[in-house]
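All remarks here apply to the structure that follows.
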Amino acid sequence: MTLEDRHGSGVYGHQPIVLVRGESAQLWDRDGRTFIDCMSGHGVANIGHAHPAVVEALSEQAGTLSICPSGFYNDRRAELMQELVRIAPEGLDRVFLCNSGTEAVEGALKFARVATGRTKIVAAMRSYHGRTMGALSATWNKAYRDPVAPLVPDVSFVPYNRLDPLDEAIDSSTAAVLLEAVQGEGGVIPGDGEYLRSVQQLCHERGALLIIDEVQTGFGRTGAMFACEHHDLHPDILCVAKAIAGGFPMGGILLGERVGELPSRVHSSTFGGNPLACAAAVATIRVIEAEDLPGCAARRGAQFRVGLEAIDSPLIREVRGLGLMLAVELRKKAFPFLAALADRGVLALPAGKMVLRFLPPLVISKVQIDTVLDAVSAVLAGEELSNE
Numbered sequence: 003m004t005l006e007d008r009h010g011s012g013v014y015g016h017q018p019i020v021l022v023r024g025e026s027a028q029l030w031d032r033d034g035r036t037f038i039d040c041m042s043g044h045g046v047a048n049i050g051h052a053h054p055a056v057v058e059a060l061s062e063q064a065g066t067l068s069i070c071p072s073g074f075y076n077d078r079r080a081e082l083m084q085e086l087v088r089i090a091p092e093g094l095d096r097v098f099l100c101n102s103g104t105e106a107v108e109g110a111l112k113f114a115r116v117a118t119g120r121t122k123i124v125a126a127m128r129s130y131h132g133r134t135m136g137a138l139s140a141t142w143n144k145a146y147r148d149p150v151a152p153l154v155p156d157v158s159f160v161p162y163n164r165l166d167p168l169d170e171a172i173d174s175s176t177a178a179v180l181l182e183a184v185q186g187e188g189g190v191i192p193g194d195g196e197y198l199r200s201v202q203q204l205c206h207e208r209g210a211l212l213i214i215d216e217v218q219t220g221f222g223r224t225g226a227m228f229a230c231e232h233h234d235l236h237p238d239i240l241c242v243a244k245a246i247a248g249g250f251p252m253g254g255i256l257l258g259e260r261v262g263e264l265p266s267r268v269h270s271s272t273f274g275g276n277p278l279a280c281a282a283a284v285a286t287i288r289v290i291e292a293e294d295l296p297g298c299a300a301r302r303g304a305q306f307r308v309g310l311e312a313i314d315s316p317l318i319r320e321v322r323g324l325g326l327m328l329a330v331e332l333r334k335k336a337f338p339f340l341a342a343l344a345d346r347g348v349l350a351l352p353a354g355k356m357v358l359r360f361l362p363p364l365v366i367s368k369v370q371i372d373t374v375l376d377a378v379s380a381v382l383a384g385e386e387l388s389n390e
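First residue of the sequence shown: 3, per the working numbering; consecutive thereafter.
Here is the structure:
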């Protein structure tokens, strides 16, 4: 803690916990305290921490070849591309590999402008797409945007899940509409299926591309491999990252035929598609399918949601979510409750100032969910009692 405080950039706030080890859905601090992880590293550890299959894949590949420039072919990269196309929504048959979610969004915005010859991007209010300059330009929170303005021009925002404003916003200069299938940091707000399909139709009619950001919702999180599947969506561009490689940093952009042929060298990434990341991602996809983790997310998510809805507290405004991407919107600020949960051995996230967000590994057990529910109920009841 002293060293990070002394040498860190200062851009992160820290809880006073030193995490040193993880296994499945549990984490340990340096003092040996155990925590149930309902963060998953911001939605990364879908298959759990230190999964043996990923550990083995990384170890074997590290001893074989760790980096290969994209100007050469590579067996691991080709294998991963084939796997991503196989599991993706139909029509996405090409892949650009990068290193993170924000990089995936950056590339998607560039590809959309190049493919359409247009410049305008339409995004949603309360959206979150990353913190680099292009992705940040399509991120709603002004607290992130204003300190580094001016940002990339020609980006506008419309309300989420409301078609009429979006209908008015898409015109002949619109390159793409960029939406999350479930808004994550914006409060865990699921997209309405009819709305999303109507957006897709509008994009087709007006020559704009539909970019769906599944950085947080992909790879089983919502009860399907991709949240698009709940609504029979077929985006032109799909952004993925977070859980793709079992904890190893990686991202990807999946491209459909409406993108067309991209010019040579229009984009690049030194580390994108490196064999280490690709080996980890292939192993992760195999674990997700072999252990039916989307099915686990659906079943455990239903248990978790029912339990949250059963908590009788005047502090709860709403429970919402999809699969194991859940939120409790409170009538008070969430941060004190997150600290209280940590004291009880549960690590969770905010989603704005008033929302508790739960993103546990998809391997979380029924017993662990019951323990989390007991902790949530206790901290809310404790706050209620303290106000009497």
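Think of the CB as a built atom: it goes at the ideal place given N, C-alpha and C, for glycine as much as any other residue.
Being a predicted model, the structure only gives us computed values, none of them experimental.
Quick check on M83: does DSSP put it in helix, strand or coil?
M83: helix per DSSP, three-state reduction.
Cα-Cα separation, L387 to R319
Bear in mind that a pLDDT of 44 at L387, under 50, signals an unreliable position, so the number given afterwards is only what the model happens to contain. So the alpha carbons of these two residues sit roughly 18 Å apart.
Helix, strand or coil, according to DSSP, for G65 in the structure here?
coil
Distance, K334 Cα to G354 Cα
11 Å
Three-state class that DSSP yields for Q28 in the structure shown:
strand
In the DSSP assignment, what are the bridge partners of R322?
A329
State the DSSP-derived secondary structure class of E293, mapped to helix, strand or coil.
coil
Taking a contact to mean a Cβ-Cβ separation below 8 Å, would you say L211 touches I239 in this structure?
yes
Start-to-end residues for the beta strand (DSSP E) that takes in L240:
I239 to V242
Take A243 and list the residues in its own chain whose beta-carbon comes closer than 6 Å to its own, dropping the five residues that flank it on each side.
S102, G103, A106, V217 and G253
In terms of alpha-carbon separation, which member of F273, A344, L361 and P155 lies closest to W30?
A344
Considering only the beta carbon of each residue, do A27 and V365 sit closer than 8 Å?
yes
Cα-Cα separation, V184 to H131
12 Å
Using 8 Å as the Cβ pair cut-off and three pairs as the minimum, do the segment 279 to 295 and the segment 78 to 97 touch?
yes
Rounded to the nearest angstrom, how far is the Cβ of N163 from that of G193, given a contact under 8 Å?
7 Å
Can the beta-carbon of T224 be found less than 8 Å from the beta-carbon of L94?
no
Please return the same chain residues whose Cβ sits closer than 7 Å to the Cβ of S379, not counting the five positions on each side in sequence.
I313
Strand pairing of C100, partner residues [DSSP]
Beta-bridge pairing links C100 to G253.
In this structure, how does DSSP classify A222 when only helix, strand and coil are distinguished?
First, the residue type needs correcting, since residue 222 is Gly and not Ala in the sequence shown. Note: G222 maps to coil in three-state DSSP.
Would you please state the rounded distance, in angstroms, between the beta carbons of A125 and V157? I believe it to be under 8 Å.
6 Å
Given A299 as reference, the closest of S367, L235 and A336 once Cα atoms are compared
If we check each option's Cα against that of A299, S367 comes out closest.
Under 8 Å between C-beta atoms of G220 and A329
no
Please report the Cβ distance between F339 and L358, rounded to the nearest whole angstrom; I am assuming they are in contact, meaning their Cβ atoms lie under 8 Å.
6 Å
CB of G248 within 8 Å of CB of I49, strictly
In this structure, the beta-carbon distance from G248 to I49 falls below 8 Å.
Looking at the unbroken beta strand (DSSP E) that takes in A125, where does it start and where does it end?
K122 to A126
Identify whether Q185 lies in helix, strand or coil by the three-state DSSP scheme.
Q185 carries a strand assignment under DSSP once its states are collapsed to helix, strand and coil.
Would F228 and P18 be called neighbours here (beta carbons separated by less than 8 Å)?
Not a contact, by the Cβ cut-off of 8 Å.
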